[in-house]
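Colleague: Read in order, the letters of the sequence shown correspond to residues 8 to 405 in our numbering.
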Amino acid sequence: MLGTAEGARTALCEAARHECWRQFDLLLDRGADVNIGGEGGYLLQQLIKSNYQCSPSDIILFASPSDALSRIKRLLSLGADPNAQARSNHHTALHAAVAGWNIKDSPFYEQVAQLLIDNGADVNTRACTDIAHGYMFATEHEKWEPQSLLYHCAYHGSTSMAKLLLQNGAAVDVNLKAGYFGNALQVASFYGHMEMMQLLLDHGAEVNAQGGHYGTALNAACARSLSPDAIPTVQLLLEHGADVNIGGGEFGSALQTVCARSISEAGTLALILLDHGADVNARGGKYGTALQAACFRSDGLVQLLLDRGADVNAEGGEYGTALQAACMCFRNSTIAQLLLDRGANVNVQGGQYGTALQVALLYRNLDLAQLLVDRGADVNANGGLYGSCLQIAVVQIL
Numbered sequence: 008m009l010g011t012a013e014g015a016r017t018a019l020c021e022a023a024r025h026e027c028w029r030q031f032d033l034l035l036d037r038g039a040d041v042n043i044g045g046e047g048g049y050l051l052q053q054l055i056k057s058n059y060q061c062s063p064s065d066i067i068l069f070a071s072p073s074d075a076l077s078r079i080k081r082l083l084s085l086g087a088d089p090n091a092q093a094r095s096n097h098h099t100a101l102h103a104a105v106a107g108w109n110i111k112d113s114p115f116y117e118q119v120a121q122l123l124i125d126n127g128a129d130v131n132t133r134a135c136t137d138i139a140h141g142y143m144f145a146t147e148h149e150k151w152e153p154q155s156l157l158y159h160c161a162y163h164g165s166t167s168m169a170k171l172l173l174q175n176g177a178a179v180d181v182n183l184k185a186g187y188f189g190n191a192l193q194v195a196s197f198y199g200h201m202e203m204m205q206l207l208l209d210h211g212a213e214v215n216a217q218g219g220h221y222g223t224a225l226n227a228a229c230a231r232s233l234s235p236d237a238i239p240t241v242q243l244l245l246e247h248g249a250d251v252n253i254g255g256g257e258f259g260s261a262l263q264t265v266c267a268r269s270i271s272e273a274g275t276l277a278l279i280l281l282d283h284g285a286d287v288n289a290r291g292g293k294y295g296t297a298l299q300a301a302c303f304r305s306d307g308l309v310q311l312l313l314d315r316g317a318d319v320n321a322e323g324g325e326y327g328t329a330l331q332a333a334c335m336c337f338r339n340s341t342i343a344q345l346l347l348d349r350g351a352n353v354n355v356q357g358g359q360y361g362t363a364l365q366v367a368l369l370y371r372n373l374d375l376a377q378l379l380v381d382r383g384a385d386v387n388a389n390g391g392l393y394g395s396c397l398q399i400a401v402v403q404i405l
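Following this line, the structure appears as structure tokens:
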């Protein structure tokens with residue numbers, strides 16, 4: 008044996024890795040310790056992982072799932088600890104089974120999970136990182152924040168594995184806060200896993216629980232609004248009492264999130280939210296208001312918000328006002344014209360760059376700059392990151 012810690016290469020581990028099952032059984036008959044070694048964890052975990060991992064350091068694929076199940080049963084009968092945790096990420100054998108289901112969607116992993124649970128595996132254990140893939144959006148801190156097994160099932164839409172966990176006592180895990188998305192319902196809502204969402208709601212998930220990157224499940228669903236299933240996802244949450252005006256996430260409220268993240272379904276989703284009482288002038292988030300966020304998307308969405316009472320001169324967010332936000336985009340002369348026609352104050356200062364004219368000059372949008380001057384923009388205005396309009400023009404020349 009080379010070492011006794013995690014990753015130890017015991018004779019038993021080597022026999023399994025090289026598919027020497029006769030020797031594997033002989034070592035077990037002679038009393039080999041089943042709780043020592045295994046790449047990235049204990050041997051029990053590795054026997055489960057080997058069915059979906061195939062790197063050189065992993066134990067090679069079993070001849071059949073039935074053979075795998077028999078060997079896992081034998082390890083458990085010999086005292087293998089189903090709750091032993093890998094030092095690096097706290098994964099257990101049950102995490103390996105859930106990860107296998109997420110990747111291969113095979114009944115084998117449900118059988119393994121039930122076997123582990125029957126032998127005392129803790130369904131409420133938490134581990135660091137996504138047990139299968141790693142979250143593409145998460146910060147390093149969020150990747151290493153402990154998350155529940157149910158959370159991982161929600162991420163992948165593994166409804167049948169989630170049902171098994173819930174039936175075996177994981178109901179208390181429904182509202183556990185962790186990770187990039189905050190809780191299981193939020194991650195299921197973001198990815199549009201409606202069957203999973205319904206399952207969680209039926210088991211007591213709080214539809215308005217706050218936390219995570221987007222704030223609430225509804226906000227998370229709205230952030231995924233480019234997806235064709237965004238509308239039914241949002242409607243399901245609203246039917247279960249989702250509050251349209253809770254903010255707290257990156258973009259603020261659900262309406263602000265729709266305006267910030269969507270294109271194709273934005274108008275429909277915005278109408279649904281407005282009809283459910285969304286505050287068109289809610290403040291907060293990256294863009295300050297829904298109107299400012301919409302200025303980066305489409306004139307139709309801007310028109311809708313204005314028609315529903317959006318304050319054209321509301322200030323806040325990174326850019327100051329809606330007009331300043333519109334001037335950030337080369338394509339948005341039409342939106343700037345619309346805002347001016349609806350009473351936008353051309354000389355309001357705010358945001359990083361000062362006035363709308365300063366923003367237009369900074370982004371070399373001369374047609375828009377001319378429009379602003381024609382509508383009364385002060386060419387001598389000072390302020391913002393680069394000072395006066397003249398200073399910005401000089402910087403652009405240089």
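Every residue gets a Cβ at the ideal spot worked out from N, C-alpha and C, and that includes glycine. Every value quoted in this text rests on a predicted model; they were computed, and no experiment measured them.
1. List the whole-angstrom C-beta distance separating residue 216 from residue 192, where the pair is believed to meet the contact cut-off of C-beta under 8 Å.
2. Going straight from the alpha carbon of residue 255 to that of residue 91, what length do you get?
3. Could you pull the start and end residues of the alpha helix (DSSP H) that residue 40 belongs to?
4. Express the C-alpha separation of residue 346 and residue 329 in angstroms, rounding to a whole number.
5. Kindly list the residues whose CB is nearer than 8 Å to the CB of residue 293, restricted to its own chain and excluding five residues on each side of it in sequence; keep chain order.
6. Taking Cβ positions, are residue 119 and residue 104 nearer each other than 8 Å?
7. Quick one: residues in its chain with C-beta nearer than 6 Å to the C-beta of residue 291, no 5 flanking neighbours on either side, listed in chain order?
8. Between 195, 201, 187, which lies nearest to residue 218 when the distance is taken from Cα to Cα?
9. Which of the three DSSP states is assigned to residue 357 in this structure?
10. Might you give, ordered along the chain, the residues of its own chain that have their beta carbon closer than 8 Å to the beta carbon of residue 88, omitting 5 neighbours on each side?
11. Helix, strand or coil: which one does DSSP assign to residue 87?
12. Express the C-alpha separation of residue 129 and residue 108 in angstroms, rounding to a whole number.
13. Taking the continuous alpha helix (DSSP H) assigned at residue 377, which residues delimit it?
14. Taking the alpha carbon of residue 194 as the reference point, which residue from 175, 177, 229 has its own alpha carbon closest?
15. Alpha carbon to alpha carbon, what distance is there between residue 189 and residue 75?
16. Report the start-end ranges of each alpha helix (DSSP H) in the region 204-291 that is 4 residues or longer and not cut off at the edges.
17. Please report how far the alpha carbon of residue 153 lies from the alpha carbon of residue 102, in whole angstroms.
18. Residue 318 lies in the alpha helix (DSSP H); which residues open and close that run?
19. Alpha carbon to alpha carbon, how far is residue 283 from residue 246?
20. Run through DSSP, which three-state label would residue 134 get?
21. Within 10 angstroms of its Cβ, does residue 6 collect 16 or more other Cβ (buried), or is it exposed?
Modeller: Considering the structure as presented:
1. 7 Å
2. In a straight line, the C-alpha of residue 255 is about 37 Å away from that of residue 91.
3. No alpha helix (DSSP H) holds residue 40; DSSP gives it neither H nor E.
4. 8 Å
5. Sequence-distant Cβ neighbours of residue 293 in its own chain, meaning closer than 8 Å and more than five residues away, are 257, 258, 259, 267, 300, 324, 325.
6. yes
7. Result list for residue 291: 254, 259, in chain order.
8. 187
9. Three-state DSSP puts residue 357 in a strand.
10. 42, 49, 51
11. In this structure, residue 87 counts as coil in the three-state DSSP scheme.
12. 17 Å
13. 373-381
14. 229
15. 35 Å
16. 224-230, 237-246, 261-268, 273-282
17. When the Cα atoms are used, residue 153 and residue 102 turn out to be separated by approximately 12 Å.
18. Per DSSP, residue 318 belongs to no alpha helix (DSSP H) and is neither H nor E.
19. 10 Å
20. strand
21. Residue 6 cannot be examined here, being either before or after the span of the chain that is shown, 8 to 405.
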